[in-house]
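All remarks here apply to the structure that follows.
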Amino acid sequence: MQHDFIPYLKTLLNTVATKCRRSRTSFTEEQLKILVQAFSQNPYPGYTAKQRLAVEINTEESRIQIWFQNRRARHGFLERPKKNLGSSKDHASPKEKIQDGRDRRCRTSYSSSQLQTLKNAFTENPYPGIDSREQLAEEIGVPESRVQIWFQNRRSRLRIQRKRGLEETDDTKNHAALVTKSRFRVQQVLRTMK
DNA sequence: GCTAATCTCATCACACGCAGTGTGATGAGCCCATTAGC
1 MQHDFIPYLK
11 TLLNTVATKC
21 RRSRTSFTEE
31 QLKILVQAFS
41 QNPYPGYTAK
51 QRLAVEINTE
61 ESRIQIWFQN
71 RRARHGFLER
81 PKKNLGSSKD
91 HASPKEKIQD
101 GRDRRCRTSY
111 SSSQLQTLKN
121 AFTENPYPGI
131 DSREQLAEEI
141 GVPESRVQIW
151 FQNRRSRLRI
161 QRKRGLEETD
171 DTKNHAALVT
181 KSRFRVQQVL
191 RTMK
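In full-length UniProt numbering, the protein residues as written are 1 to 194.
So, in structure tokens, the structure goes:
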């Protein structure tokens, strides 16, 4: 997938002052064993399952989420999960499957002041590094992983907005060109009538 | 080189308010995404 130029600019910006990336987590053999086993049972664990795993191997839930994402991408697990009930081959009970289907993290609702802080930070730098994200997270009192998601969504929706804006501008230009063309044509016809 | 971290894009899910919009959460990535730390 092609990336925009901006992410590369962001990397440059971040390297100037703050730490750009979170330091790499290194899982122990024991932790990996637990993760692999959990993956073989269910490659799409719900939020509570991920939280449970996080407690079990003493890490953050967001690290579990990333691990499962990477594992799915690299171990040929291409089939998307069926909504709600799965096949009888699955290890989870039907009840558990239903819960997993709906088991998302509770939606974070930001107060207007939290949003203002995030928006200000976004204006300053749409690609904050781990240090800035952690600082922001502490300032507004939400986990760093939520700040990261907020910035991802914000960038994404801004791109869509810009794209729509450009399309509308193009439409306006096309419309103006058509009007000019029609006027010219009418004038031509009128001239020939004279 | 392996793989955690990060990115974009698409989509789901839910709140708000009553049909559609806004936005947080999640998953894929097909030359099987790219970048970068160990």
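Built from N, CA and C at the ideal position, the CB exists for glycine as well.
Return the CA-CA distance between L35 and E134, expressed in angstroms with no decimal places.
If I take the Cα positions, the gap works out to 26 Å.
Using only the alpha-carbon positions, how far apart do S40 and A54 sit?
Here the alpha carbon of S40 sits roughly 17 Å from the alpha carbon of A54.
Let me know if L136 comes out buried or exposed under the rule of 16 or more other beta-carbons within 10 Å of its beta-carbon.
With 16 or more neighbouring CB atoms inside 10 Å of its own CB, L136 falls in the buried class.
Where does D103 fall in DSSP's three states?
coil
In whole angstroms, give me the CA-to-CA distance for R154 and G129.
15 Å
Going straight from the alpha carbon of Q37 to that of I57, what length do you get?
13 Å
Suppose you measure from the CA of F68 to the CA of K50; what does that come to, to the nearest Å?
9 Å
Ignoring anything shorter than 4 residues or poking outside the UniProt DNA-binding region "Homeobox" (20-79), list the alpha helix (DSSP H) runs there in chain order.
29-41, 47-57 and 61-74
Return the first residue and the last residue of the alpha helix (DSSP H) that S113 is part of.
S112 to E124
Between G141 and E29, what straight-line distance do the alpha-carbon atoms span, to the nearest angstrom?
33 Å
Could you tell me the boundaries of the alpha helix (DSSP H) in which S132 lies?
I130 to I140
Give the secondary structure of S145 by DSSP, where H, G and I count as helix, E and B as strand, and everything else as coil.
Reduced to three states, the DSSP call for S145 is helix.
Between E61 and Y47, is the Cβ-Cβ spacing less than 9 Å?
yes
Exposed or buried, L158, counting other C-beta atoms within 10 Å across all chains shown (16 or more means buried)?
Here L158 is exposed: its Cβ has fewer than 16 other Cβ atoms, across all protein chains shown, within 10 Å.
So, using beta-carbon positions, are T117 and E139 closer together than 9 Å?
Yes, Cβ-Cβ distance for T117 and E139 is below 9 Å.
Mind reading off the beta-carbon distance from K33 to D131? Whole number of angstroms is fine, and I expect it under 8 Å.
Going by Cβ atoms, the distance from K33 to D131 rounds to 32 Å, so no, they are not a contact pair.
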